[in-house]
Amino acid sequence: MKEPKGGSVPVQLGPRQLTMLIPLWGRAEATRRRPRLFSDAKAVEIVESLDFDFSKWQATKTALGSVLRTRMFDQDVADFVRQNPDGTVVELGCGLNTRFERVDNGRVQWIDLDLPEVIELRKQFFDEGPRRRMFSADVTNNQWLDNLDLPTGPCCFVSEAMLIYLDPEQATTAIQLIAGRLDEAVLILDTTPRAMVNSQHRHDTLKHLPRESWFRWACDEPRTLESHGLQLERSRSLLDADRDLIQELPISWRILWRFGQPILKPWLDGYRINVFQCSR
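Using the UniProt record's numbering, count along the sequence shown one by one with no gaps and you end on 280.
Structure below.
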């Protein structure tokens, strides 16, 4: 990996792209405070290098929740890599993620895809290699998949907290594009319920960002996406996280997870991490 170019690295991102700093901050904070839950020295390095005020998120719970979400995404991507060791993973809206470093098996092909300004920032911290490349594209432009030049064989598209920030028609068009073109594709994405989309003014991190940064696409029932040529293989909420992950949370969270399920379920069960198989 590259070392940052020294000094404060400027952050010149649009409102939606700023949201990628939330999981980055979460991974860095978990590394500092709860390394058994998440260890990502690169995230700490990037946070310390960026010219951005992260202090407004200092006391938020969402940062820890985003780490739990990322661990669950990692599990699903790692499952694909185990089943398809020579397959290809395309990280949609990669931001400053380090998933390749966490799940790489030494054989998988990897494409980090995001908007040009994000890729420009990303290249200050990451290198490309024989099995990993960065690709500038806007998934709301229907030509992006044609321009990807995907290898043959199984492919996994990953959208962690990316499609949910698009307009509904843009999100569904991107899903239809993937489902309609590829036979051996897996799509891993999260969905947010309408109740969550409608209550973002109370969200402890998003309320500090402009409204243009908020979720736009709501999906109350992931199975409805099967109408776009997908087959739902797995759907989990944060409440379904493995026990070994929950054990690394702060004690107040562990108590709530164990005894407060009736309270948590209405709030957390609607947000889902889903694994789809393309079925055209």
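C-beta: ideal position from N, C-alpha, C; glycine also.
>> Does Q12 pass the burial test, meaning 16 or more other C-beta atoms within 10 Å, or should it be called exposed?
In response: Exposed, since its Cβ has fewer than 16 Cβ neighbours within 10 Å.
>> Is it buried or exposed, C278, if we count other Cβ atoms within 10 angstroms and call 16 or more buried?
In response: Buried is the call here.
>> Check for me: the alpha helix (DSSP H) holding M20 runs from which residue to which?
In response: No alpha helix (DSSP H) holds M20; DSSP gives it neither H nor E.
> Secondary structure at E233, three-state DSSP: helix, strand or coil?
Replying inline: strand
> Across which residues does DSSP place I111 in a beta bridge pair?
Replying inline: V90, R133
> Given L264, which residues of its chain have a CB within under 8 angstroms of its CB, disregarding the five upstream and five downstream residues?
Replying inline: Its chain contains L239, L256, W257 as the residues whose beta carbon lies nearer than 8 angstroms to that of L264, once the 5 sequence neighbours on both sides are disregarded; these appear in chain order.
> If you draw a straight line from the C-alpha of G153 to the C-alpha of V44, how long is it?
Replying inline: 35 angstroms
> Relative to the alpha-carbon of D190, which residue among R234, I22, R254 has its alpha-carbon at the smallest distance?
Replying inline: R234
>> DSSP three-state label for N274, please.
In response: Strand.
> Taking the continuous beta strand (DSSP E) assigned at residue 282, which residues delimit it?
Replying inline: Beyond the ends of the chain as shown, which are 1 and 280, falls residue 282; an answer cannot be given.
> Touching or not, the region 61-76 and the region 115-135, by the rule of three or more beta carbon pairs under 8 angstroms?
Replying inline: Output reads no: the region 115-135 does not touch the region 61-76.
> Is the distance from the Cβ of R131 to the Cβ of W110 below 8 angstroms?
Replying inline: yes
> Where do the ends of the alpha helix (DSSP H) carrying S279 lie?
Replying inline: Counting along the chain, S279 falls outside any alpha helix (DSSP H), and DSSP gives it neither H nor E.
> In the structure shown, what three-state DSSP assignment does S39 receive?
Replying inline: coil
> Can you give the Cα-Cα distance for L232 and P23, rounded to whole angstroms?
Replying inline: 26 angstroms
> Are V108 and G87 close, meaning C-beta to C-beta below 8 angstroms?
Replying inline: yes
> Which one of E169, K123, V139 has the shortest CA to CA distance from V158?
Replying inline: V139
> Using DSSP with H/G/I as helix, E/B as strand and the rest coil, what is K5?
Replying inline: Low confidence applies to K5: its pLDDT is 45, below 50, so where it sits in the model is not reliable, and the reading given next is rough at best. Coil.
>> So, for R32: in the same chain, excluding its five sequence neighbours on each side, which residues have a beta-carbon less than 8 angstroms away from its beta-carbon?
In response: V44
> Where do the ends of the alpha helix (DSSP H) carrying I188 lie?
Replying inline: Unbroken run through I188 is the beta strand (DSSP E), 185-191; no alpha helix (DSSP H).
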